[in-house]
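First to last, the protein sequences are chains R and A. Counting in my numbering, the first sequence runs from 125 upward without gaps. Counting in my numbering, the second sequence runs from 186 upward without gaps. Okay, structure first, notes after.
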Amino acid sequence: MITLKGVSKEYELVGGTVAALKDVDLTIDRGEYVAVMGPSGSGKSTLMHILGILDTATAGRYFLEDYDITSLPDREHARIRNKHFGFIFQSFNLFSELSALENVMLPMGYAGLPFRKRRERAELLLSEVGLEHRLHHMPTMMSGGEQQRVAIARALANDPDVILADEPTGNLPSDRGEEILKMLESLNAKGVTILMVTHNPEQGKRAHRRLLIRDGMLISDEGKAAQAREALDA
Amino acid sequence: MRSEAGKVVSRRFASRIVESGLLILAVALGVGAASSGFSLLANTLKAGEEMLASPAYRELVVSTRSSAEEMTAPAMKQPANSNVALTVSDLDAAELAPDVAYAYVQNRDEIRFINAQSVAEESAMRASFAAEGVGGGEPDGMAPPGDNVAVVIAGSAEGGAGAAAIASASAGSASTAAAAGRQGLFRGMSEDDLMKAQAQADLVIVDFEELSGFRVTPKFFDAWSLNAAAGSLLADTDAQGDANSVVLGAKAAEKIAAGKMEVSELVGKKLLSRQGNLLVVGVLDAYGETSIDEAFFAPYRTFAAMGGMPRMGFFNTMLRFAVSDPSKLDETADILSSWFESSFGESQITISNPRSEAQKLIDRNAGISVLILFLSLSGLFIALVNVSHILMSRGLRMRKGVGIMMALGASRRAVLGLFASEATAVAIAGSILGGVFAFPLSRTMQSALGLSGGSWLFVLAGVALSWILTMACSIAPAWQNSRIVPAEAMRAA
């Protein structure tokens, strides 16, 4: 579904150029549950940003469903993000000015859905994550776990193909974190591709595939899918 | 606003109400000042054009005084050189100046009407003098009926505004009395006389005491493009003969008619005055200038036409030479100056060009207006720099939120639209409030420069122009805020 070929990302700093990613080749199939792991500064977030088209690579190509989207204009990238990707962040990143319902409605507004349809779907999604009684509450009135569930509902607003989760349990206690992981697994079971950045090896083991990044390079690619691919290549 | 993204911006705007209010106020003050400055300059230039379009600024005034302005007061004055006096015949100098379209006389004068109040006051005065045992001494211009007749010629003699010559005739001198009657003499009037006058159908008793106006030669009406709404204008024959003809300005006629009759019915009627019975021969169309509409116009009559010496050297007359092309004023002044110098000698005659004085005033006002505009635009610029800075910093504070919006599918264009909406709202609110400031501010500025009236359209135009500048300065930070990379924005704290 997603293919990166020779992708590099460099940043120009005062003292010189920093390579955040170096010549990464990566293929992610539909329905995979992939954990991206590595030490701080290894390039995990950069890789997630490239995958989520939140940033553009300095070199290399990006294929989505075999279609090269590398050089598409910004509005097309925005449309692809809106239609195909959902994001879950470590710090939830909900808008404090909007209620839970309005936060979930936001991405549907960019998709052009009319107000009534946005509201109805947002109500449905929030009830699916167990927050039907918190529709009009502001994020500041919610616990971390509840906010992350709102974020999950928001990520699912436009029925995306891929969920990118950057340390989704990082700011949550373990029991709440477990709830979130189970939700992600449940979504994956329904066919949603999950890409999750995590420091936690235990969480990484729950993924089908584990990518290890160090110093901007993909060091290892473990898991069932990886093995199957190697077998095919062989 | 139904858009969730719009709600983010509007709720953030409302949550920082003090900052948002100061933002709008800054725009309002800048727009108000700038639009007042625009309006002031536009009105100043327009007022200047209108002023110079008046016939009063397309003519040269020739007098024996050092300044033509000194001749505006309707009082008898002794000229500096009593041997020099200008007469109607001096208007012939116009034949030497090809650019002179009209040459005429226009001297100030007053009519004093007789009515019940004035008669009562006179009676009281007579009684007072009688009680004091003052025999034969009369207040100026007044005499008991049947005694010496005091002849007051106000403004009708050569010498112009309000000049008076007093001659007394012995009682019973028929020729003198007749002559006095022909010239419009004042007669002390009793209440009985007044009642008899009121019974005359063709005589109008005017309710008020005085009316200011002018003694003119007929060319005056041509020079000022005046037309009669009723009756006719003065003719050359009105300056001779016995009748005291008068033409009334539109508002003067309304005041005299006082709702008792139609204005046009005044034509042919006589007005009872101390100068005699004045025959109304015409009423002018409304001209739009107080000096014309509220005035009367009587024939300028030379002292010779009244039986006096042709050139007494006692009164002063101002001659006016009007040109059709104002650019020819200086050239015409040179020609007239040569002629009058050759006729009267050097330094005896003054030629004044009211247009040049008016132009100096207009230029001064325009200069002040330009300076005020510069200062007000500077104020607008400073305000807009601050507004732009505040909007930029607001955008920076919202940087992470913008990154999240982009992650959720907002394009740069959508983000630009969001910030632009905020900027537009600030610009519109500030401009409306600035417009409210601008109207009284521009009126105050105009009053300070001695201007009145002025079009409110200039204020609106100034507001619109200032709004455009405000939008330009506000959209720039919005555009800059939309150029961020989502990944970098989301890394922001």
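Cβ coordinates follow ideal geometry from the N, Cα and C atoms, glycine included.
Neighbours of GLU221/R across chain A, judged by C-beta separation under 8 Å: LYS192, VAL193, ARG196, ARG197 and SER200.
When the Cα atoms are used, ILE575/A and THR322/R turn out to be separated by approximately 39 Å. Chain order gives the chain A residues near GLY233/R as SER188, GLU189 and ALA190, where near means a beta carbon separation below 7 Å. Close partners of HIS173/R in chain A (Cβ separation under 7 Å): ALA672. Residues of the segment 591-606 of chain A that bring their beta carbon within less than 9 Å of a beta carbon in chain R comprise MET591, ALA592, LEU593, GLY594, ALA595, SER596, ARG597, ARG598 and ALA599, in sequence order. Within 7 Å of the CB of GLY586/A, the CB atoms of chain R belong to PHE219, in sequence order along the chain. By the neighbour-count definition (other C-beta atoms within 10 Å, threshold 16), LEU642/A is an exposed residue. Taking all protein chains shown into account, HIS260/R has fewer than 16 neighbouring C-beta atoms within 10 Å of its C-beta and is therefore exposed. Take the alpha-carbon of ALA224/R and the one of SER563/A: they are about 47 Å apart. Note: ILE318/R is bridge-paired with TYR157/R and ILE287/R in the DSSP secondary-structure output. Within chain R, not a single residue places a beta-carbon under 8 Å from that of ILE669/A; the smallest gap is close to 11 Å. Not a single C-beta of chain A is nearer than 7 Å to the C-beta of PHE216/R. Taking 7 Å as the threshold, the shortest C-beta distance from ASP198/R to chain A falls below it. Per DSSP, the unbroken alpha helix (DSSP H) holding TYR234/R starts and ends at 224-234. Here ARG597/A carries a helix assignment [DSSP, helix/strand/coil]. One alpha carbon belongs to VAL555/A, the other to SER659/A, and they sit about 26 Å apart. Using a Cβ distance threshold of 7 Å, ALA275/R and PHE209/R do not count as a contacting pair.
A Cβ-Cβ contact shorter than 7 Å links LEU218/R with PRO263/R. Against chain R, a Cβ distance below 7 Å from ILE589/A picks out ASN217. For GLU134/R, the enclosing beta strand (DSSP E) stretches over residues 126-137.
Taking a contact to require three or more Cβ pairs closer than 8 Å, the segment 272-290 of chain A and the segment 581-588 of chain A do not qualify as touching.
Secondary-structure assignment with DSSP links VAL290/A through a beta bridge to LEU504/A.
ALA143/R is bridged by DSSP to GLU134/R. Look at ARG205/R: its C-beta is under 7 Å from a C-beta on chain A. For ALA181/R, no Cβ of chain A is located within less than 7 Å of the residue's own Cβ.
The beta carbon of GLU226/R falls within 7 Å of a beta carbon belonging to chain A, placing the residue at that interface.
Under DSSP, the beta-bridge partners assigned to LEU342/R are ILE337/R. About 6 Å separates the CB atoms of ARG297/A and GLU394/A; that is less than 8 Å, so the two are in contact. Within chain A, GLU189, ALA190 and LEU593 have C-beta atoms less than 7 Å from the C-beta of LEU230/R, given in sequence order. For SER616/A, the CB contacts under 6 Å within the same chain, skipping 5 residues up- and downstream, are VAL216, VAL648 and TRP652 in chain order.
In the displayed model, ALA211/A falls within a helix according to three-state DSSP. A distance of 7 Å or more separates the beta carbons of GLU244/A and PHE559/A. Using a Cβ-Cβ cut-off of 7 Å, PHE187/R does not count as an interface residue toward chain A, since no Cβ of chain A sits closer than that to its own. Out of ILE589/A, ALA279/A, THR609/A and THR629/A, the CA that lies nearest to the CA of ALA674/A is found in ILE589/A. Residues of the same chain with a CB within less than 6 Å of the CB of ARG400/A, apart from the 5 flanking positions on each side, are ASN292, ASP294, GLY340, ALA483 and TYR485 in chain order.
LEU178/R belongs to the set of residues whose beta carbon lies under 7 Å from a beta carbon in chain A.
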